[in-house]
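Chemist: Quick one: this structure, given as structure tokens, is what I'll be asking you about.
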Amino acid sequence: MASQTTDRDAYTAANRAAWDHSAGHHRDNAEARRLREGFATPGFSCLDEVETETLNAVGVAGQSVAQICCNNARELLSVKNMGAGRCVGFDQSEPFLEQGRELAAIAGQEIELVAGDIYAIDRSWDRSFDVVLITIGVFGWMPDLAAFFAIVARLLNPGGHLVVHEEHPVMNMFEPEAERPFEPANDYFRSEPLLEEGVLVYDGKGDKEGNEHYWFFHTMGDVLTSVLEAGLTIERYAEYANNISTVEFDIYQNRATNMPMSYILVARR
Ligand SMILES: C[S@@+](CC[C@H](N)C(=O)[O-])C[C@H]1O[C@@H](n2cnc3c(N)ncnc32)[C@H](O)[C@@H]1O
Numbered sequence: 001m002a003s004q005t006t007d008r009d010a011y012t013a014a015n016r017a018a019w020d021h022s023a024g025h026h027r028d029n030a031e032a033r034r035l036r037e038g039f040a041t042p043g044f045s046c047l048d049e050v051e052t053e054t055l056n057a058v059g060v061a062g063q064s065v066a067q068i069c070c071n072n073a074r075e076l077l078s079v080k081n082m083g084a085g086r087c088v089g090f091d092q093s094e095p096f097l098e099q100g101r102e103l104a105a106i107a108g109q110e111i112e113l114v115a116g117d118i119y120a121i122d123r124s125w126d127r128s129f130d131v132v133l134i135t136i137g138v139f140g141w142m143p144d145l146a147a148f149f150a151i152v153a154r155l156l157n158p159g160g161h162l163v164v165h166e167e168h169p170v171m172n173m174f175e176p177e178a179e180r181p182f183e184p185a186n187d188y189f190r191s192e193p194l195l196e197e198g199v200l201v202y203d204g205k206g207d208k209e210g211n212e213h214y215w216f217f218h219t220m221g222d223v224l225t226s227v228l229e230a231g232l233t234i235e236r237y238a239e240y241a242n243n244i245s246t247v248e249f250d251i252y253q254n255r256a257t258n259m260p261m262s263y264i265l266v267a268r269r
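The sequence shown maps to residues 1 to 269 in our numbering.
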């Protein structure tokens with residue numbers, strides 16, 4: 001157990017360094033400008049239709065909301081603009097949280113952004129939230145999914161909801177920049193993390209070397225089982241054929257034969 005924790009700490013430390021190093025690239029690109037302009041308008045939201053509809057169905061108005069791995073808090077601020085009450089974002093990359101604080105100032109909204117490894121989150125946050133939100137590209141950074149969901153469950157008030165909008169793990173099988181991008185390149189059931197290099201960007205622009213980081217494959221079965229083993233009841237699970245990941249993956253959507261590229265999961269404590 002001790003060595004498992006040491007491995008987990010080493011992976012998360014490497015990933016933190018990679019995200020910190022990438023933060024500057026996200027400050028001055030077209031998306032950053034779009035967010036700064038957007039949040040200057042009251043009520044702005046960057047959430048897509050299916051996420052907005054799901055959050056409305058769960059009901060966020062006046063509710064306390066946490067976002068795990070909130071990055072620059074663009075989604076948390078959108079939820080705040082939907083009328084949520086106390087909003088707290090957790091992420092281990094301080095430079096990204098700093099960008100989130102700037103966006104919050106532009107939006108004129110008060111949110112709390114807490115820096116640290118989610119596996120080491122303080123117990124004082126237990127039972128603090130009506131809704132916990134997890135979106136786009138979080139589970140792949142988690143070396144231990146069961147421990148992760150146990151923490152998520154702890155954060156929820158009894159009766160509270162977990163809302164997940166994630167990349168479908170089937171997409172881990174494909175490498176969009178490979179010579180034959182439609183041939184599966186990775187084993188869906190891979191158990192070792194994938195050691196990757198390059199700046200972490202969403203628009204395909206940036207250095208492809210250095211900045212080593214670790215990506216973990218979790219099957220859909222792993223995700224669903226971890227949610228259930230954390231004591232949560234699954235209320236909704238829906239798969240979608242649209243890409244919510246980085247732009248390189250756009251080649252897999254709107255085809256004659258579609259794959260699941262994203263999903264929504266709602267569970268209740
Ligand atoms: C792909 S980003 C999330 C993007 C966000 N959903 C969005 O669309 O703007 C993943 C985030 O997870 C954070 N992260 C990765 N491992 C973490 C850990 N162990 N504890 C806390 N944050 C972590 C990274 O710092 C990064 O900001």
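We put the CB at the ideal spot given by N, CA and C, even for glycine. It should be emphasised that the depicted structure is a prediction, and the values quoted were computed from it without experimental measurement.
#1: Tell me whether Arg268 sits in a helix, a strand or coil according to DSSP, three-state version.
#2: Are the beta-carbon atoms of Pro158 and Met173 separated by less than 8 Å?
#3: Could you check the C-alpha separation between Ala201 and Gly24 for me, to the nearest Å?
#4: Using a Cβ-Cβ cut-off of 6 Å (strictly less than) and excluding sequence neighbours within five positions of Met1, which residues of its own chain qualify?
#5: Determine, for Asp250, whether the minimum Cβ-Cβ distance to residues of chain B falls below 8 Å.
#6: If you draw a straight line from the C-alpha of Gly43 to the C-alpha of Asn258, how long is it?
#7: Find out if the Cβ-Cβ distance for the pair Ala61, Gly89 is shorter than 8 Å.
#8: Whose C-beta lies closer than 7 Å to the C-beta of Gln63 among residues of the same chain, with five residues either side of it excluded?
#9: Classify Asn72: buried if its beta carbon has 16 or more other beta carbons within 10 angstroms, exposed otherwise.
#10: Are Leu155 and Asp117 closer than 8 Å when you measure CB to CB?
#11: Use the C-beta contact count for Tyr252: other C-beta atoms within 10 angstroms, 16 or more gives buried, fewer gives exposed.
#12: Mind checking which residues open and close the alpha helix (DSSP H) that includes Arg33?
#13: Let me check understanding here. Comparing Cα to Cα, which of Ala147, Ile136 and Val170 lies closest to Ile264?
#14: Can you find the residues in the same chain that come closer than 6 Å, C-beta to C-beta, to Trp141, ignoring five residues on each side of it along the sequence?
#15: Do the stretch 49 to 56 and the stretch 17 to 33 make contact, defined as three or more Cβ pairs closer than 8 Å?
#16: Can you tell me whether Gln92 sits near ligand 1, meaning its C-beta is under 7 Å from at least one heavy atom of the ligand?
#17: Compute the beta-carbon to beta-carbon distance between Asn211 and Gly221, rounded to the nearest angstrom, for a pair I have assumed lies under 8 Å.
#18: Less than 7 Å separating the Cβ of Tyr214 from some heavy atom of ligand 1?
#19: Who does Ile134 pair with in a DSSP beta bridge?
#20: Check whether the Cβ of Tyr119 lies closer than 7 Å to any heavy atom of ligand 1, and answer yes or no.
#21: Counting along the chain, where does the beta strand (DSSP E) carrying Leu113 start and finish?
#22: Helix, strand or coil: how does DSSP classify His213 here?
#23: For Pro260 and Cys87, I'd like the C-alpha separation in whole angstroms.
Modeler: Taking the structure as given:
#1: strand
#2: no
#3: The identity of residue 201 in the sequence shown is Val, whereas the question assumes Ala. The alpha-carbon atoms of Val201 and Gly24 are separated by roughly 10 Å.
#4: Because Met1 sits at a pLDDT of 43, beneath the cut-off of 50, its placement in the model cannot be relied upon, and the following sentence gives the value as read from the coordinates. Once the five neighbours on either side are set aside, Met1 has no close Cβ partner at all.
#5: As a matter of chain content, chain B is missing from the structure shown, which is built from one protein chain.
#6: 34 Å
#7: no
#8: Ala84, Gly85, Asp130 and Val131
#9: buried
#10: no
#11: buried
#12: Ala30 to Phe39
#13: Ile136
#14: Asn15
#15: no
#16: yes
#17: With a Cβ gap of about 31 Å, Asn211 and Gly221 do not count as contacting.
#18: no
#19: Val164
#20: yes
#21: Glu112 to Ala115
#22: strand
#23: 31 Å
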